[in-house]
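Under the numbering used here, the first residue of the sequence shown is numbered 6, with each subsequent residue one higher.
Data block below; observations after.
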Amino acid sequence: MKPSFQLQLVNDPFGDPALYVEFLFRKRAILFDLGDIHALAPRKLLRLSHIFVSHAHMDHFYGFDYLLRVCLGRAKTIHLYGPSGFIDRVEHRLGGYTWNLVENYVDELVFRVQEWDGGDTMRCAKFRCRHRFARESLPPERVAEGELLKEPGLKVRAAVLDHKIPCLAFALEESRHVNIWKNRLDELGLPTGPWLQALKQAIWRGERDDFPIEARWRENGVAQMRRFTLGELKEKILRIVPGMKVGYVVDTLYNEPNLRRLKSLLESVDCLYIEAGFARDAADSAAEKYHLTAAQAGQIARRVGAKRMVPFHFSARYAGEENPLYREAEAAFSGMSCP
């Protein structure tokens, strides 16, 4: 199964957490956590549409100012999501600067901020550059089964975990994945191009088989167009399979309530990015800090039925000695005893 996005941990396993998700052929990206993001080129930051922040500890939110600096003066809306109190945090960060000249900007940067406490609604606010980023309250939005974002072909769900403060874990899910058979396109004399994205959008919306699809392209400078029904293209060039599911878990205590929430959120996840901060022999220290050991990370991955696990967010005390952490995580994930 080839996903419609590429995944990139912005930093090494000892750096600030941030998972960059870039959608193929769409010049769009989303981000999980907002730690140090200087490793991302400005062009990549400008593709961001939605950012999901687990909590506002510095190593998960430090990058907000750099994001603001890169995007300021651009015509852009960025959606930010976080736990209880997150709107206040964003307001305070924006309030730390002087904005007396921004009314003259031609293009406007807007932050639309949502915070969720695990209930059936989330609070919302907007901060607009031309209004000097003054807080504007918005009506609350409904949340069903932790679903913070839902759009054709894509959703992001969350669960509230205990890090001695609320901390969000996330699951990114493709509803269905649409595979295009290139050899069958060639047999029909059809090129690839933007029209295929429109075709995928129609499938994600659940359109009927008689829904019209127009394939448009240019050949030798001349506009070309052919019409099909969605049903025809499903039969001739498409294979529709379940979409990919990616999990993101950081900064949580290993206890039964958190494990139950993670099981519900991450059942059968294809790829799980999970913190593995401490070695097994430092379990007491991990618990005091409300973090996971590498072995606990592997046990969680095994419990939720993950197909693949990516341990990260290692404690700096293990700098240069990360291999034992990987081994402990993999041993627990596979169900083997660690040597």
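Heads up, the beta-carbon is just placed ideally off N, CA and C, and yes, glycines get one too.
If you draw a straight line from the alpha carbon of residue i to that of residue j, how long is it in whole angstroms?
i: Lys32; j: Leu45; result: 15 Å
i: Arg213; j: Gly236; result: 8 Å
i: Val254; j: Ala174; result: 5 Å
i: Ala292; j: Phe216; result: 55 Å
i: Lys294; j: Met63; result: 15 Å
i: Ala207; j: Tyr25; result: 26 Å
i: Asp125; j: Arg189; result: 45 Å
i: Gln304; j: Ile83; result: 35 Å
i: Tyr67; j: Asp41; result: 6 Å
i: Glu326; j: Arg332; result: 11 Å
i: Glu27; j: Ser180; result: 17 Å
i: Val107; j: Val75; result: 15 Å
i: Pro47; j: Phe283; result: 33 Å
i: Ser9; j: Gly158; result: 10 Å
i: Arg210; j: Lys155; result: 11 Å
i: Cys129; j: Gly78; result: 23 Å
i: Ile218; j: Ala34; result: 26 Å
i: Ile170; j: Trp121; result: 13 Å
i: Leu50; j: Ala176; result: 21 Å
i: Thr197; j: Leu12; result: 23 Å
i: Arg285; j: Arg322; result: 14 Å
i: Ser290; j: Ala299; result: 13 Å
i: Leu5; j: Val183; result: The chain is shown only over 6 to 344; residue 5 falls outside these bounds and no answer can be derived.
i: Arg307; j: Arg162; result: 20 Å
i: Val315; j: Leu72; result: 26 Å
i: Lys160; j: Met127; result: 16 Å
i: Pro199; j: Arg223; result: 12 Å
i: Cys343; j: Leu330; result: Here the model assigns Cys343 a pLDDT of 44, short of 50, so the residue's position is not dependable and the matter cannot be decided.
i: Ala287; j: Tyr102; result: 41 Å
Just to confirm the assignment, what range does the alpha helix (DSSP H) spanning residue i have?
i: His97; result: Phe91 to Leu99
i: Ala302; result: Ala299 to Val309
i: Phe338; result: Asn328 to Ser339
i: Asp167; result: First-last for Asp167: Leu159 to Asp167, but that is the beta strand (DSSP E), not the alpha helix (DSSP H).
i: Leu190; result: Lys187 to Leu193
i: Glu280; result: Taken as a continuous stretch (DSSP letters only), Glu280 belongs to no alpha helix (DSSP H), being part of the beta strand (DSSP E) at Cys276 to Glu280.
i: Asp289; result: Ala288 to Glu293
i: Arg210; result: Pro199 to Arg210
Around the C-beta of residue i, are 16 or more other C-beta atoms found within 10 angstroms, so that it is buried, or is it exposed?
i: Trp186; result: exposed
i: Asn225; result: exposed
i: Asn16; result: buried
i: Asp38; result: buried
i: Ala149; result: exposed
i: Leu270; result: buried
i: His55; result: buried
i: Asn105; result: exposed
i: Glu240; result: exposed
i: Leu201; result: buried
i: Gly194; result: exposed
i: His43; result: exposed
i: Met230; result: exposed
i: Asp256; result: buried
i: Ala61; result: buried
i: Ala220; result: buried
i: Gly340; result: exposed
What are the boundary residues of the beta strand (DSSP E) that includes residue i?
i: Pro171; result: Pro171 to Glu179
i: Met230; result: Val227 to Thr234
i: Lys312; result: Premise fails: Lys312 is in no beta strand (DSSP E) and is neither H nor E.
i: Glu224; result: Pro217 to Glu224
Is the CB-CB distance between residue i and residue j below 8 Å?
i: Leu238; j: Leu267; result: no
i: Ala336; j: Ala302; result: no
i: Lys250; j: Glu178; result: yes
i: Phe69; j: Arg98; result: yes
i: Lys131; j: Leu114; result: no
i: Phe138; j: Val118; result: no
i: Ala281; j: Leu264; result: no
i: Leu14; j: Leu36; result: no
i: Cys172; j: Pro88; result: yes
i: Val274; j: Val246; result: no
i: Tyr278; j: Phe317; result: yes
i: Val95; j: Gly123; result: no
i: Leu29; j: Tyr86; result: no
i: Pro22; j: His65; result: yes
i: Asp167; j: Asn260; result: yes
Using beta carbons (cut-off 8 Å, strictly below), is residue i in contact with chain D?
i: Asp70; result: The chain inventory of the structure shown lacks chain D, comprising one protein chain alone.
Worksheet item: Which ranges does the alpha helix (DSSP H) cover as unbroken runs of at least 4 residues, wholly within the segment 75 to 153, from first to last along the chain?
Response: 91 to 99
**Message:** Ignoring anything shorter than 4 residues, give me the alpha helix (DSSP H) runs that lie fully in the segment 248 to 274, in order along the chain.
**Reply:** 261 to 271
key: Length at least 3, wholly inside the segment 14 to 63: the beta strand (DSSP E) runs in chain order   = 24 to 28, 33 to 37 and 53 to 57
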